[in-house]
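Right, one structure below, let's go through it.
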Amino acid sequence: MTPALSEALPGKLLAWYDAYGRDLPWRMKGKKPDPYSVWLSEIMLQQTTVAAVRDYYNKFISQWPNIETLAAAPLDDVLKAWAGLGYYARARNLHACAKAVVEQHGGSLPRSFEELLKLPGIGPYTAGAIAAIAYDAPHPAVDGNVERVLSRLHAIETPLPDSKPLIRKIAQDLVPEKRAGDFAQALMDLGATICTPKSPNCLICPWTDQCRGRIFGVAGTLPRKSAKKAIPTRKGYAFWLTRNDGSVLLRRRPEKGLLGGMMEVPGSEWTEKLPEGDAPLIASWRKLPGKVEHTFTHFHLEITVLAATVVDAKPPPYCRWVAVQDVDAEALPSVMRKVVAHARKMVPLRHPVQGRSPRHGTY
DNA sequence: AACGCGTGGGT
DNA sequence: TACCCAAGCGT
């Protein structure tokens, strides 16, 4: 590509962005971006769509308008507010990052890429995005959108992730000295609205004349990606244990790993062979009809729900009784909200069900 | 370096 | 329907 052409690219994109850029809650129209808003939105947007993030972002900003209030909040409150958004390590890291910024940086997010990179939950993409959007530093923010747009612009046939180093260099060379933040956001808007994964709308693209993917007629097929393998199905049980006063037993999951720190309906392991083991309390369990199905990133899950009622019992380790009307406010991930909905549909409160073939303490 | 880590919407 | 995918990070 000639120098003249490559120099024209940022200007064309910025002009397009000025006219057609999206209006999003974390973009301050005509005002200087707020680093806290930029950081919060970027963490939420990791592997997550704008549509999914919008309500969560507004809720967080209302509940914790600045990083000090977020840092002072109990982690469980943050997990409750994050529940349903997925990738819960982000919520734990968000809270840890807020505390680190307050304790080590006087409550202001650092400006340099290197310092940002040291903070929990901030990797190369997010550090670049914050540096560029919040502080207008000339850093690229290379996410999935940018990888797609630039793969097409240069008709890169090397599949991802092998092409990442090349794409990163292309992105770096494209960043303009001025308006680096707008440029980063413009590139993502272009990918989200025009240079979409399927059926890109090349007719209205500001880069259509320079796009080799379009010229070669392969834009819609790029970027190439290495094949991903199939995911297994795992099975398990969940124990819906209600108490006579209208409360249900919930359990806190271990702090790390899948759904770390979140609440759950107590259950068995999730394995490819239906597991055997002990229920959390001795009771008469009955199997509810149907299954709860859910798909995680790396496996499908089928949960069979067993229900029982007790008069009273001391909660087992990591468990506590929660009034059923308060369950919705708990830090329950989506899979567990499905379990709760399934159980509540089948088990009317205060009408204890007799076990048909009681098995005590075992399922 | 490859894998674990959620969810809901689009096609 | 059964994929595919989205502003990635931590280990």
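Take 0 as the starting number for the first sequence in numbering that gives the first Met the number 0 and just add one per residue. For glycine and all other residues, C-beta sits at the position ideal for the given N, C-alpha and C.
Per DSSP, the bridge partner or partners of residue i
i: Glu263; result: Arg250
i: His138; result: DSSP output for His138 lists no bridge partner at all.
i: Thr232; result: His299
i: Arg285; result: Ala306
i: Thr220; result: Looking at the DSSP assignment, Thr220 forms no beta bridge with any residue, so it has no partner.
i: Arg242; result: Ser246, Val309
i: Thr270; result: Lys234
i: Leu159; result: Lys224
For residue i, the first and last residue of its enclosing alpha helix (DSSP H)
i: Leu291; result: Sequence inspection shows Val at residue 291; the Leu mentioned does not correspond to that position. It is not in any alpha helix (DSSP H) - Val291 instead sits in the beta strand (DSSP E) that spans 291-294.
i: Ser150; result: 143-152
i: Asp54; result: 49-62
i: Trp38; result: 34-43
i: Phe215; result: Segment: none, Phe215 is in no alpha helix (DSSP H) and carries neither H nor E.
i: Ala99; result: 88-103
i: Glu113; result: 112-116
i: Thr68; result: 66-71
i: Asp76; result: 74-81
Cβ-Cβ separation, residue j to residue i (assumed contact under 8 Å), whole Å
i: Leu115; j: Ala97; result: 14 Å between Cβ atoms; not a contact.
i: Pro24; j: Tyr56; result: 6 Å
i: Leu305; j: Phe238; result: 5 Å
i: Leu8; j: Gly260; result: Wrong, their Cβ atoms sit about 44 Å apart, outside the cutoff.
i: Gly363; j: Pro139; result: Residue 363 lies beyond the stretch modelled for the chain, which goes from 0 to 362, so this question has no answer here.
i: Val338; j: Ile302; result: 6 Å
i: Tyr124; j: Asp135; result: Actually they are not in contact, since the Cβ atoms of Tyr124 and Asp135 sit about 17 Å apart, beyond 8 Å.
i: Gln171; j: Ile132; result: That pair is no contact at about 16 Å.
i: Val309; j: Arg242; result: 6 Å
i: Asp188; j: Arg21; result: 5 Å
i: Thr47; j: Gly85; result: 7 Å
i: Glu271; j: Pro231; result: 6 Å
i: Ala99; j: Asn144; result: Actually they are not in contact, since the Cβ atoms of Ala99 and Asn144 sit about 28 Å apart, beyond 8 Å.
i: Ser225; j: Pro158; result: 5 Å
i: Cys204; j: Ile193; result: 5 Å
Residue i: CB within 6 Å of a non-hydrogen atom of the ligand ADP
i: His94; result: Because no ligand of any kind appears in the structure shown, any question about the ligand ADP cannot be addressed here.
Inset, instruction - Entirely within the segment 310-335 and at least 3 residues each: give me those beta strand (DSSP E) ranges in chain order. - result: Listed in chain order, the complete beta strand (DSSP E) runs (minimum 3 residues) inside the segment 310-335 are 318-322.
Inset, instruction - Could you tell me whether the segment 55-66 touches the segment 307-322, where touching means 3 or more Cβ pairs closer than 8 Å? - result: Verdict: no, contact absent.
Legend entry - the segment 285-292 touching the segment 37-48, judged by at least three CB pairs closer than 8 Å: With the cut-off at 8 Å, the segment 285-292 and the segment 37-48 do not touch.
Inset, instruction - Say whether the segment 218-233 touches the segment 144-151, bearing in mind that this needs 3 or more beta-carbon pairs closer than 8 Å, one atom from each stretch. - result: At 8 Å Cβ cutoff, the stretches touch.
Legend entry - Contact between the segment 12-28 and the segment 167-183 (3+ Cβ pairs under 8 Å): Inter-segment contact for the segment 12-28 and the segment 167-183 is present: three or more beta-carbon pairs are separated by less than 8 Å.
Legend entry - At least 3 beta-carbon pairs within less than 8 Å: the segment 273-289 vs the segment 206-217: As far as the Cβ criterion goes, the segment 273-289 does not touch the segment 206-217, which means the pair count is below three.
Inset, instruction - Check whether the segment 239-249 touches the segment 262-275, counting contact only when three or more Cβ pairs, one atom from each stretch, lie closer than 8 Å. - result: The answer is yes - the segment 262-275 touches the segment 239-249, with three or more Cβ pairs under 8 Å.
Legend entry - Minimum length 4: unbroken alpha helix (DSSP H) runs contained in the segment 168-196: Taking only runs of at least 4 residues, the alpha helix (DSSP H) segments lying wholly in the segment 168-196 are 179-192.
Inset, instruction - Count the CB pairs spanning the segment 132-149 and the segment 87-106 that are closer than 8 Å, and state whether there are at least three. - result: Under the Cβ criterion (8 Å, minimum of three pairs), the segment 132-149 does not count as touching the segment 87-106.
Legend entry - Cβ contact check for the segment 268-277 and the segment 331-346: 3 or more pairs under 8 Å: As far as the Cβ criterion goes, the segment 268-277 does not touch the segment 331-346, which means the pair count is below three.
Legend entry - Cβ contact check for the segment 328-337 and the segment 75-88: 3 or more pairs under 8 Å: The segment 328-337 is in contact with the segment 75-88.
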